[in-house]
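J.: From first to last, the protein sequence lines stand for chains A and B.
Okay, so the first sequence: first residue is 678 according to the working numbering, each after it adds one.
Okay, so the second sequence: first residue is 678 according to the working numbering, each after it adds one.
All residues carry an ideal CB built from backbone N, CA and C; glycine is no exception.
Number of protein chains: 2
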Amino acid sequence: MTPPPSSPTDADWGPPERAQVALLADVGAAPKPGNVDRDHDHPDLRLGHFLAGGVGAGVGLRAAAVGDPVGAAFERAVAGMSRGAGTNTQFGSLLLLVPLVRAAAASDRDLSPDGAAAVVASTTVADAAAFYRAFDHVDVAVPDPPEGIVDLDVRRGAEAIPTLEARGVTLSDVFSRTTADSNATEWTTGFRRTFETAAGIVDDDGPLTDRVARAFLDRLATDEDTLIRTVHGAAVATEVRKRAAAARGDSDAVAALDADLLDRGINPGATADLVTAATFVALERGVSV
Amino acid sequence: MTPPPSSPTDADWGPPERAQVALLADVGAAPKPGNVDRDHDHPDLRLGHFLAGGVGAGVGLRAAAVGDPVGAAFERAVAGMSRGAGTNTQFGSLLLLVPLVRAAAASDRDLSPDGAAAVVASTTVADAAAFYRAFDHVDVAVPDPPEGIVDLDVRRGAEAIPTLEARGVTLSDVFSRTTADSNATEWTTGFRRTFETAAGIVDDDGPLTDRVARAFLDRLATDEDTLIRTVHGAAVATEVRKRAAAARGDSDAVAALDADLLDRGINPGATADLVTAATFVALERGVSV
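(1) Is there a C-beta anywhere in chain A that falls below 8 Å from the one on T886 of chain B?
(2) Could you list which residues in chain B have their beta carbon closer than 7 Å to that of S965 of chain A, in chain order?
(3) Is the CB of D813 of chain A under 8 Å away from at least one CB in chain B?
(4) So the alpha helix (DSSP H) L960 of chain A belongs to, where does it begin and stop?
(5) What did DSSP end up calling F812 of chain B once you bin it into helix, strand or coil?
(6) For A742 of chain B, which of B:V796, B:L701, B:P720 and B:I905 has the nearest alpha-carbon?
(7) Is V698 of chain B close to chain A? Criterion is C-beta to C-beta, closer than 8 Å.
(8) Can you tell me the Cα-Cα spacing of G946 of chain A and A932 of chain A, whole angstroms?
(9) Is it true that the CB of E836 of chain B sits closer than 8 Å to the CB of P685 of chain A?
(10) Taking 7 Å as the limit between beta carbons, can you name the residues of its chain near A803 of chain B, skipping five residues before and five after?
(11) I'd like the ranges of any alpha helix (DSSP H) spanning at least 4 consecutive residues and lying wholly in the stretch 735-807 of chain B.
(12) Can you give the beta carbon distance from A892 of chain B to T874 of chain B, rounded, assuming they're within the 8 Å contact cut?
(13) Do the stretch 862-877 of chain A and the stretch 770-778 of chain A make contact, defined as three or more Cβ pairs closer than 8 Å?
(14) Quick one: is T953 of chain A near chain B, going by C-beta distance under 8 Å?
(15) Is the CB of V736 of chain A under 8 Å away from at least one CB in chain B?
(16) To the nearest angstrom, how far is the alpha carbon of D950 of chain A from that of Q767 of chain A?
(17) Please compile the residues from chain A whose C-beta is within a distance smaller than 7 Å of the C-beta of G779 of chain B.
(18) Under 7 Å Cβ to Cβ from V732 of chain A, same chain only, skipping five residues before and after it: list those, please.
(19) Just to confirm, are F868 of chain A and L777 of chain A a CB contact at a threshold of 8 Å?
(20) Quick check on the burial criterion: 16 or more other C-beta atoms within 10 angstroms. Buried or exposed for S859 of chain B?
(21) Return the Cβ separation of P823 of chain A and T847 of chain A in integer angstroms, given the expectation that the two are a contact with Cβ distance under 8 Å.
(22) Counting along the chain, where does the alpha helix (DSSP H) carrying P693 of chain A start and finish?
(23) Please state whether the Cβ-Cβ distance between G730 of chain B and R715 of chain B is less than 8 Å.
(24) Can you tell me whether A955 of chain B is buried or exposed? The criterion is at least 16 other CB atoms within 10 Å of its CB, across all chains shown.
(25) Going by DSSP in three states, G845 of chain B sits in which element: helix, strand or coil?
(26) Quick one, which of A:A912, A:G763 and A:A922 has its alpha-carbon nearest V815 of chain A's?
(27) Whose C-alpha, out of A:V913, A:R962 and A:P884, is nearest the C-alpha of H719 of chain B?
(28) Quick one: list the residues of chain A neighbouring G733 of chain B, beta-carbon separation under 8 Å, in chain order.
(29) Quick one, which of B:D703, B:R833 and B:A780 has its alpha-carbon nearest G769 of chain B's?
(30) Quick one: is V827 of chain A buried, meaning 16 or more other Cβ sit within 10 Å of its Cβ, or exposed?
(31) What separation, rounded to the nearest whole angstrom, lies between the Cα atoms of D880 of chain A and A890 of chain A?
(32) Just to make sure I have the definition right: I need the residues of chain B whose C-beta is within less than 7 Å of the C-beta of P746 of chain A. Which are they?
(33) Quick check: the Cα distance between P708 of chain B and R854 of chain A, rounded to an integer number of angstroms?
(34) Which chain A residues are close to R962 of chain B, counting only those with a beta carbon under 9 Å from its beta carbon?
(35) Hey, D900 of chain A and R925 of chain A: beta-carbon distance below 8 Å or not?
(36) Just to confirm before moving on: does the CB-CB distance between A806 of chain B and I838 of chain B stay below 8 Å?
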């Protein structure tokens, strides 16, 4: 006998779906100087890649919501993203979204700094192992590891798992040892800047994608982008922050910054990750598209 | 005991995910004269609405893939779209995608005119009832029903279900009685133009969104858009077809047509539905983003 068909339910629209909207709004917004956005592609990375990556990540976001371990859900999201996009589009955004979706969807639902910190604190060695496995699905630009932990360099992928297990390193421990990475900072500070940025998006007016573009420029003007620092060095990261601060409120200056970053191949990807996570929190707080 | 976490599998990327990518590529492409697209919004309908609608529809597309009845899967997709977007963004596209996803995902997988026709032929009175219920989730512009079947006007929504049941009308029957609607034509002709358009997308070159934009303009130049005919009348539909045909290959003329259609509030939505369905078929045939 065939089971009865499913009917539309409230569960059909929840944290995983809002997280996917946040991923898509990131590239549906403009201007976002240096990013792939609604206005322009990069030579080898296009809007279409991000749309497919955002679709593919859905299965991992849904796994996080129903209680799969954070590490496994993240690995599944990254694998789905990679299957969809064929490249790395949203690895960093997913690293922030997965624990936030878990916090928002848990039975003791608490999408707050404390709730997010509790998810981080609950992570295990198995979560760390899954996180390392996720690096085997895609190429990710990361900073060099600190002295003394080269055997835990994330670029080793699954090869590092025996070391993780021998030392009892949890996923929370991994980020506590990571420096110079904006996403690790969020993991170790209760997602402080994520929630701060979300509050700004909530207080803003207008369509979601316009709010996203403004939040992106504000964040770019405030923090040095750690992906830029990893790829282009500290001086370039400082330059971009200062130019973004000077360009705020001047659309010609924003357009000039955008054109220059595109021309030089400078992509503020860490800032995009943070704003995407903040967009998810703002959607959970009731902001509509 | 906690169940083991799920791992990435081939099932994580399949027909439902490719259908969602098709929905998103529809608005990620440009220029698509008169549509919401990458280049521009409408005053009250924006790119963000379509992104959220495409996310929300996912649950119904996945239901179609795992064997829920076509009508129930369609209703669930429309309800999810409406929850996400807060308005009607992709009703017509979903009406084409749901049976095609079913054909692509069935155990005797046959994404072909015959396979699609078999899905249509298998529909029941319950599928028709779910289709009518879907109209209660959103406002949809449809042509007036033919003389003699006003009691089956889809705009009556669930109120028409007792009549459907009394007369034993299946979902296939509903479309056989519908005239002047491009999507009904696809349902009753084995999706002839959908597969024809898909073949053109497969044979084209370049990024998916560029292929989508070209296919849209070709289709707009070939068929009179039935949504335009419903909303603005036959003369306007004819005018748009002729102007699209004259504009092909001339980007200035395409831009002028786009600006004029936007200015007059003329949206070739039926053409977008058809090209979205064709994009899904092309993705199933191996086209990448």
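T.: Short version:
(1) Put simply, the CB of T886 of chain B is near chain A, with a gap under 8 Å to one of its CB atoms.
(2) The answer, in chain order, is G763.
(3) Not one chain B Cβ lies under 8 Å of D813 of chain A.
(4) Taken as a continuous stretch (DSSP letters only), the alpha helix (DSSP H) holding L960 of chain A covers G946 to E961.
(5) Coil, per DSSP.
(6) For A742 of chain B, the closest of B:V796, B:L701, B:P720 and B:I905 by C-alpha to C-alpha distance is B:V796.
(7) Judged by the 8 Å Cβ criterion, V698 of chain B is in contact with chain A.
(8) C-alpha separation (whole angstroms): 18 Å.
(9) Result no, Cβ atoms of P685 of chain A and E836 of chain B do not sit closer than 8 Å.
(10) Only P746 and G748 meet the Cβ criterion.
(11) The stretch 735-807 of chain B contains these whole alpha helix (DSSP H) runs: 735-742, 747-762, 768-782 and 790-798.
(12) For A892 of chain B against T874 of chain B, the beta-carbon gap comes to about 6 Å, under 8 Å, which counts as contact.
(13) With the cut-off at 8 Å, the stretch 862-877 of chain A and the stretch 770-778 of chain A touch.
(14) It does not: the Cβ of T953 of chain A has no partner Cβ on chain B nearer than 8 Å.
(15) So, interface residue.
(16) Rounded to whole angstroms, the separation of the alpha carbons of Q767 of chain A and D950 of chain A is 8 Å.
(17) Note on residue identity: the sequence assigns Arg, not Gly, to residue 779 of chain B. Within 7 Å Cβ-Cβ: nothing; R779 of chain B doesn't reach chain A, min ~12 Å.
(18) Once the five neighbours on either side are set aside, the close Cβ partners of V732 of chain A are G761.
(19) In contact: F868 of chain A and L777 of chain A (Cβ atoms closer than 8 Å).
(20) S859 of chain B sits buried, since 16 or more C-beta atoms from the chains shown fall within 10 Å of its C-beta.
(21) With a Cβ gap of about 18 Å, P823 of chain A and T847 of chain A do not count as contacting.
(22) P692 to G705 is the span of the alpha helix (DSSP H), which, as asked, contains P693 of chain A.
(23) With contacts defined by Cβ atoms closer than 8 Å, G730 of chain B and R715 of chain B do not form a contacting pair.
(24) By the neighbour-count rule (16 or more Cβ atoms within 10 Å), A955 of chain B is buried.
(25) For G845 of chain B, the three-state secondary structure derived from DSSP is coil.
(26) For V815 of chain A, the closest C-alpha among the options A:A912, A:G763 and A:A922 is that of A:G763.
(27) Selection A:V913, A:R962 and A:P884 evaluated against H719 of chain B yields A:P884 as nearest (Cα-Cα).
(28) Within chain A, the residues near G733 of chain B are D689, W690 and E694.
(29) Considering only alpha carbons, the answer is B:D703.
(30) V827 of chain A is exposed by the Cβ-count criterion.
(31) Computed Cα separation, rounded: 14 Å.
(32) P682, listed in chain order.
(33) Rounded to the nearest whole angstrom, the C-alpha separation of P708 of chain B and R854 of chain A is 48 Å.
(34) By Cβ distance, chain A contributes nothing, its closest Cβ being about 16 Å from R962 of chain B, past 9 Å.
(35) No, these two residues do not count as a Cβ contact at 8 Å.
(36) The Cβ-Cβ distance between A806 of chain B and I838 of chain B falls below 8 Å.
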